[in-house]
Amino acid sequence: MSYTVITGASAGIGSEFAIQLAQTGQNLVLVARRKDKLEALAETLQLEHGIDVKCFAIDLAEPMGSEILATEISINNLAINGLINNAGFGDRGNFADLPLQRQMQMIQLNVSTLVELTHRLVPNMLEQDKPFIINVASTAAFQAGPNMAIYYATKAFVLSFSEAIHEELRHQGIAVSALCPGPTLSEFAVEANIADSNLFKASAMTSAEVAKQALANRNSAIVITGIKNQVGVLLGKVSPRFMTRKIAGWLQA
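Read in full-length UniProt numbering, the sequence shown has 149 at position 149, and its numbers run on one by one without any break.
So this is what it looks like as structure tokens:
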């Protein structure tokens, strides 16, 4: 019996990953801070799909979070065939004005926890059949982001890191993918204070569609969801960087 670990599983894209994997009969390890939401989702998925779901209420923004989760997985002797590093958050505002502690927590969750949890679980995954890793980055990874400087920078790290280990681990049988969604209808937008930004006013995909495209293309190194987002990234690659960062800043205004 093997399990797929989903962090940030209590809402948004994370819960959609859980729902869609459960529909295929995949057992799950759901991780988030909100125990009540995790357990409610787990109960529904177990009743509807007959799978086994483990829930761990852990704050992965804390430095010891990934170690605690990895220890729980080891204690319960769980075979891990999938890892979806979905937990993360952003915040809109000028770098100098936003609280430093919150920005450091963003780096911890979006970058450090993702790296550490991946490193801790890879040995387990190497023993499973067709294992995969999906690291949730963003279209923000492709340019600098005035008014969300740290968030954009963390997602650029996730993209680069994921591409690198995609090459390293594919020879060992692990598929690694960087998921790069654009604006997505989820709790993330509210927490990041960007639901009223120009970016979200332009267009936003559903969490269900983002998760569906990610799972269908999990063997691809980079998955950019939606035609508009794909075109936007392509245009950004051929545009001068001074222009892309000005546009990004305007979109977050």
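Don't be surprised by glycine CBs; every beta carbon is placed ideally from N, CA and C.
Query: Using DSSP bridges, identify the partner residues of Y151.; Result: Per DSSP, none; premise fails for Y151.
Query: Just mark Q101 as buried or exposed, buried being the case when its beta carbon has 16 or more other beta carbons within 10 Å.; Result: exposed
Query: How is I174 classed by DSSP in three states: helix, strand or coil?; Result: coil
Query: What would DSSP say about N77, mapped onto helix, strand or coil?; Result: coil
Query: Starting from the Cα of S2, find the closest Cα among S160, S74 and S10 and give me that residue.; Result: S74
Query: Determine the direct distance from the alpha carbon of L169 to that of residue 337, and round the result to whole angstroms.; Result: Residue 337 cannot be examined here, being either before or after the span of the chain that is shown, 1 to 253.
Query: Considering only the alpha carbon of each residue, which of V233, Q26, M148 and V210 lies closest to I51?; Result: Q26
Query: Report yes if the C-beta distance between T139 and I13 is below 8 Å; otherwise report no.; Result: no
Query: Around the Cβ of L234, are there at least 16 other Cβ atoms within 10 angstroms (buried) or fewer (exposed)?; Result: exposed
Query: DSSP on T118, reduced to helix/strand/coil?; Result: helix
Query: Drop a sphere of 10 angstroms on the beta-carbon of K155, count the other beta-carbons inside from all chains shown, and report buried for 16 or more, exposed for fewer.; Result: buried
Query: Since A211 and Q20 should fall inside the 8 Å C-beta cutoff, what is the C-beta to C-beta distance between them, to a whole number of angstroms?; Result: 5 Å
Query: Using 8 Å as the threshold, is the region 79-94 in touch with the region 134-148, meaning 3 or more CB pairs across them?; Result: yes
Query: Go through the region 19-105 residue by residue and report every complete run of the alpha helix (DSSP H) that reaches 4 residues or more, in order.; Result: 35-49 and 65-75
Query: Here's the rule I'm using: 16 or more other beta-carbon atoms within 10 Å means buried, otherwise exposed. How should M205 be labelled?; Result: buried
Query: Since V223 is in the beta strand (DSSP E), which residue starts that stretch and which ends it?; Result: I222 to I224
Query: Which partner residues of T206 appear in the DSSP bridge assignment?; Result: L185
Query: Taking one C-beta from the region 28-39 and one from the region 104-115 each time, how about it: are there three or more such pairs within less than 8 Å?; Result: no
Query: Cutting at 8 Å between CB atoms, please list the residues of its own chain near G145, excluding the five before and the five after it.; Result: Y151, Y152, A153, R245, A248, G249 and Q252
Query: According to DSSP, is N229 part of a helix, a strand, or is it coil?; Result: helix
Query: Judging by CA-CA distance, which residue of T44, L98 and V158 is the nearest neighbour of P181?; Result: V158
Query: What's the call for N124, buried or exposed, on a 16-neighbour Cβ count within 10 Å?; Result: buried
Query: Using the Cα positions of F95 and I58, report the straight-line distance between them to the nearest angstrom.; Result: 28 Å
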